[in-house]
């Protein structure tokens with residue numbers, strides 16, 4: 308018995324005709340017999356349902372694995388790794404100080420793009436919006 312048959316066996320406990328319908332079809336002699344047995348009592352319908360499940364097991368048809376030309380069943384694994392290009396090493400720079408103050412001041416930095424000014428405090432709000440000429444109303 309395989310997993311679908313076990314599932315149908317558990318399903319038969321809830322409603323015995325359902326696995327019979329799955330295995331033999333809705334309008335078959337076994338289906339009618341199971342419905343009649345369920346009308347006589349739950350146990351006879353359940354036992355008949357389990358009988359039908361075991362009588363018609365699931366059939367699995369697997370394609371045969373082709374043998375190699377030598378006739379053996381040997382498997383060879385080949386691991387292909389891409390060629391690694393040597394990557395240039397970055398020029399070592401001083402460690403970032405993450406918000407601490409430093410005495411190093413780099414001159415010549417532009418305001419466009421991210422700047423890496425170590426040691427400078429962040430700009431104030433007034434400096435940040437110095438060139439902002441948007442009209443703000445209280446509407």
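Residue numbers (our numbering): 308 to 446.
All residues carry an ideal CB built from backbone N, CA and C; glycine is no exception.
Note that the coordinates shown come from a computational prediction; the quantities given were computed from them, not determined experimentally.
Would DSSP call residue i helix, strand or coil?
i           : result
residue 354 : helix
residue 314 : helix
residue 345 : helix
residue 384 : coil
residue 326 : helix
residue 444 : coil
residue 362 : helix
residue 434 : helix
State buried or exposed for residue i, treating a residue as buried only when at least 16 other CB atoms are found within 10 Å of its CB.
i           : result
residue 326 : buried
Could you tell me how far apart the beta carbons of residue i and residue j are, in whole angstroms, since I believe they sit closer than 8 Å?
i           : j           : result
residue 323 : residue 361 : Actually they do not touch by this definition, with Cβ atoms about 14 Å apart.
residue 329 : residue 347 : Not quite, the Cβ-Cβ distance comes to about 22 Å (not below 8 Å), so this is no contact.
Is the Cβ-Cβ distance between residue i and residue j less than 8 Å?
i           : j           : result
residue 352 : residue 344 : yes
residue 390 : residue 312 : no
residue 359 : residue 337 : yes
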